[in-house]
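Sequences listed follow chains C and L, in order.
Just add 586 to the spot in the first sequence (first one is 1) and you have the working numbering.
Take the second sequence: its position 58, counted from the start at 1, is 49 in the working numbering, and no numbers get skipped.
By construction, the Cβ of each residue, glycine as well, lies at the ideal position given by its N, Cα and C atoms.
Scroll down for the structure; my scribbles are underneath it.
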Amino acid sequence: MRSIRKIENAVLTACTFLAAALWIFPLYWAFITSIRSEERVVSDAAGIMPDEFNLSSYVDILWNSNLVNWYINSIGTALIITVTVIVSGMMCAYAISQMRFPGRRILYGVVLASFMVPSQALVVTQFILMNDMGLINTWAGIILPQLIVPVVIIVYKQFFDAVPKEMREAVVLDGGGDYTLLFKIYLPLNWGITTALAIITFIMAWNQFLWPFLAVTTEDMMTIPVGITQVKDAFGVFYARLMSVALLGAMPVAVAYLIFQKRVTQAVMISSGVKG
Amino acid sequence: MGITLNNVKKSFGPIDVIHDVSMEIPTGDFAVFVGPSGCGKSTLLRMIAGLEDTTGGTISIEGRDVTHVEPARREVAMVFQSYALYPHLTVFENMAFSLRLKKTPKARINDMVQEAARILHLEDHLKKRPSELSGGQRQRVAIGRAIVRQPKVFLFDEPLSNLDAELRVQMRLELARLHKQIGATMIYVTHDQVEAMTLADRIFVLKSGVVQQAGRPLELYDDPDNQFVGGFIGSPAMNFLAGRALGQQDGLLRIGLDAIGQELTARVTTEVAAGTGIRIGLRPEHLQPVDGGIPATVEMEEDLGGVSYLHARLSDGRPIVVEMRGRRNSLDGKAIAVGAAPEDVLVFAENGRRLR
Chain C
587 MRSIRKIENA VLTACTFLAA ALWIFPLYWA FITSIRSEER VVSDAAGIMP DEFNLSSYVD
647 ILWNSNLVNW YINSIGTALI ITVTVIVSGM MCAYAISQMR FPGRRILYGV VLASFMVPSQ
707 ALVVTQFILM NDMGLINTWA GIILPQLIVP VVIIVYKQFF DAVPKEMREA VVLDGGGDYT
767 LLFKIYLPLN WGITTALAII TFIMAWNQFL WPFLAVTTED MMTIPVGITQ VKDAFGVFYA
827 RLMSVALLGA MPVAVAYLIF QKRVTQAVMI SSGVKG
Chain L
-8 MGITLNNVKK SFGPIDVIHD VSMEIPTGDF AVFVGPSGCG KSTLLRMIAG LEDTTGGTIS
52 IEGRDVTHVE PARREVAMVF QSYALYPHLT VFENMAFSLR LKKTPKARIN DMVQEAARIL
112 HLEDHLKKRP SELSGGQRQR VAIGRAIVRQ PKVFLFDEPL SNLDAELRVQ MRLELARLHK
172 QIGATMIYVT HDQVEAMTLA DRIFVLKSGV VQQAGRPLEL YDDPDNQFVG GFIGSPAMNF
232 LAGRALGQQD GLLRIGLDAI GQELTARVTT EVAAGTGIRI GLRPEHLQPV DGGIPATVEM
292 EEDLGGVSYL HARLSDGRPI VVEMRGRRNS LDGKAIAVGA APEDVLVFAE NGRRLR
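This is the structure we're talking about:
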């Protein structure tokens, strides 16, 4: 029995290592490509092992591209999106969960319905709308369509629904209103959820490609994922520089993930319905 | 003055849950609403608190009509069954919460919380969070939160239900002590008639949204208005037997217990026609062994030391409980015969109304 279990464990461990290797290989390949010269990257001599430590692609990207602008755009838009989505989502969820008004159920139905529409299906109408409003090539143009995150409302509502009715009544008897209830009771009670949702919203906004790609046409207004597409010239793609930008672009999210690993996992589980 | 309810009604859609309830609770009284689950006692309390709208009638607190006044302006404080403490705040912050909302000066908040903590022996726990406290301590914090508001009325919604038996007895005594100490009007909701009997100055027995009887605990115990009150108040419960009036003379009613072929005499001055079907109520402690009494077979006995409860069965199979004091010999499985003095036999009409 014991030897069978040992073999099982060994097979499972081997499978895990294989899966981890498959997952990490693109990152490894991106890294060794970024520390090679462009000539080395396209030469037949470039093997699977690192054979050069050349930071020229990083230097070139930092000095000769709009990377700093892209960083500012990415950080600025992702932060604004995160704060707005969390605050508005929380308030909307509070109203749907705790307040009694005509059309409350219909409103929640609309939120649920919007969850079911893929964002890609809306890009054409969103583009026309943003263009009509003169918001193409602006932060507002990048941000506005990304503020629709129904999953935040749905998750908050679930948690607000679970707060005991007596707690709400205790606040009412203590003389508190909806503002007190939301910001002094419901929000502190759900700080963990707020942090988790904020992180996942930030990561989603940071990684967003399709909409910023459509909403921005000038290089100085691009976010990092869109900026990566600009690392080329008339002769083709600069692989080493492309990988440098990709790694630099992914760095803040990777660092954030490492710091808030537990919360991100929690957020993914909550928003995917694994755990409510 | 105190609290006055005039023809108060409450409906949830087409369902009426409180029917024309009127009552008066004098200032400083400890009133208890008692009744089985679903009788409307918590709804009535929540209506006084303002947490439920009143469908009809008026509610006044100290002479002020508060029927449509919002909860925070009624000068009432409520202690919930689940305590409803704010888990992210410390004991001090929980107790200070309402005062901070009222923008009370910090020094005053500190004084008031410290005073409440002293009354409730919570001085050493002020910096703890509710999760670090025992059930009894949490309940005391919930009471402290009510005390600091200095309300005109304290409302308790089954506050001891979540505590274990021993702690419940202890907290019951503490509540009685607190009431004596601060002397405020208190309304307490419970389904536990022992809590009602031990705490109340005045008990309101409710059933299906109607007050069945109101009065001092022993009044209700000794002189119930109907069969429901007789059966609900008292533990173990009153024994009920079906009978028939045989004849009445000099205030004594002869009752035939047809099913077991026995007779009893009750003191009843109301005229009862011979042949009328009636019910009799006998408290366990009023049944005593007598020669030629109602025969029964003891099926089980509970000996509590000073008192024993004999769970017996009559010849027609009906159960009956007999209380005995100071007995040491076992009667388990034995045949007994019991009877009661005429003044201890309570008589009820078939519709449950008491015949006095």
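Check your understanding: How many angstroms separate the CA atom of Glu61(L) from the CA atom of Gly41(L)?
Key -> 6 Å
Review point. Does Asp760(C) come within less than 8 Å of chain L when only Cβ atoms are used?
Key: yes
Review point. Where does Val281(L) sit, in a helix, a strand or coil, going by DSSP?
Key: strand
Exercise for review: With 9 Å as the C-beta to C-beta threshold (strictly closer), list the residues of the region 54 to 80 of chain L near chain C in chain order.
Suggested key: Glu61, Pro62, Ala63, Arg64, Arg65, Val67, Ala68, Met69, Phe71, Gln72, Ser73, Tyr74, Ala75, Leu76, Tyr77, Pro78, His79, Leu80
Practice item. Indicate the three-state DSSP secondary structure (helix, strand or coil) for Val(-1)(L) in the structure shown. Key: strand
Check your understanding: Apart from the five residues just before and just after Ala22(L), which ones in its own chain have a Cβ nearer than 6 Å to its Cβ?
Key -> Ile16, Ile178, Arg193
Check your understanding: Can you list the residues of chain L that Leu775(C) reaches, using a CB-CB cut of under 9 Å?
Key -> Tyr77, Pro78, His79
Point to revise | Whole-number beta carbon distance between Ala236(L) and Ile349(L), since they are thought to touch under 8 Å | key: With chain L covering -8 to 347 only, the question about residue 349(L) has no answer from this structure.
Check your understanding: Going along the chain, which unbroken runs of the alpha helix (DSSP H) with 4 or more residues stay wholly within the region 212 to 283 of chain L?
Key -> 218 to 223
Exercise for review: Give the residues of chain L in contact with Ala607(C), contact being defined as C-beta atoms less than 9 Å apart.
Suggested key: Neighbours of Ala607(C) on chain L: none; closest Cβ ~44 Å, over 9 Å.
Point to revise | Proximity of Pro150(L) and Val57(L) at Cβ, strictly below 8 Å | key: no
Exercise for review: Note down the Cα distance separating Ala89(L) from Leu598(C), rounded to an integer number of angstroms.
Suggested key: According to the sequence displayed, residue 89(L) carries Ser and not Ala. Approximately 57 Å between the Cα atoms of the pair.
Point to revise | Expected contact under 8 Å - CB spacing of Ser683(C) and Asp747(C) to nearest Å | key: 5 Å
Point to revise | Test: Ala756(C) CB closer than 8 Å to a CB of chain L | key: yes
**Study point:** Extent of the continuous beta strand (DSSP E) to which Asp148(L) belongs
**Key:** 144 to 148
**Study point:** Proximal residues of chain C, C-beta to C-beta of Ser89(L) below 7 Å
**Key:** Asp760, Gly761
Check your understanding: Given that a residue counts as buried once 16 or more other Cβ atoms are within 10 Å of its Cβ, and exposed if not, what is Ala350(L)?
Key -> This structure leaves residue 350(L) out entirely; chain L is present only between -8 and 347.
Review point. Can you tell me whether DSSP reads Val289(L) as helix, strand or coil?
Key: strand
Review point. With respect to the alpha helix (DSSP H) encompassing Val696(C), which residues constitute its N-terminal and C-terminal limits?
Key: 690 to 702
Review point. Given Pro333(L), which residues of its chain have a CB within under 7 Å of its CB, disregarding the five upstream and five downstream residues?
Key: Leu243, Thr256, Ala257, Arg258
Check your understanding: Which of the residues in the region 36 to 51 of chain L, read from start to end, lie with their CB under 9 Å from any CB of chain C?
Key -> Arg37, Ala40, Gly41, Leu42
Practice item. Examine chain C for any beta-carbon lying closer than 8 Å to the beta-carbon of Leu92(L), and answer yes or no. Key: yes
Point to revise | Gly247(L) to Pro208(L) span [Cα, whole Å] | key: 31 Å
**Study point:** Residue-level contact to chain L via CB, Ile779(C), 8 Å cutoff
**Key:** no
Exercise for review: List the residues of chain L that Met676(C) touches, going by C-beta distances under 7 Å, in chain order.
Suggested key: Chain L residues near Met676(C): none, gap ~16 Å exceeds 7 Å.
Review point. Under the three-state reduction of DSSP, which class applies to Met14(L): helix, strand or coil?
Key: strand
Practice item. Determine the extent of the alpha helix (DSSP H) in which His170(L) is found, giving its start and end residues. Key: 156 to 173
Point to revise | In DSSP terms, what Gln204(L) is bridged to | key: Val196(L)
Review point. Counting Cβ pairs closer than 8 Å, one from the region 612 to 631 of chain C and one from the region 824 to 831 of chain C, do we hit at least three?
Key: yes
Point to revise | Proximity below 8 Å, CB of Glu292(L) to CB of Ser321(L) | key: yes
Review point. To the nearest angstrom, how far is it from the Cα of Lys743(C) to the Cα of Glu755(C)?
Key: 18 Å
Check your understanding: On the three-state DSSP scale, how would you describe Arg316(L)?
Key -> strand
Exercise for review: Consider the Cβ of Pro688(C): report whether some Cβ of chain L lies at a distance smaller than 8 Å.
Suggested key: no
**Study point:** Contact the region 19 to 38 of chain L vs the region 727 to 744 of chain C: 3+ CB pairs below 8 Å
**Key:** no
Point to revise | Assumed close pair Glu348(L), Pro142(L) - CB separation to whole angstroms, cut-off 8 Å | key: Only positions -8 to 347 of chain L appear in the structure, and residue 348(L) is not among them; the question remains open.
Review point. Hey, does Glu805(C) have any beta-carbon neighbour from chain L nearer than 8 Å?
Key: no
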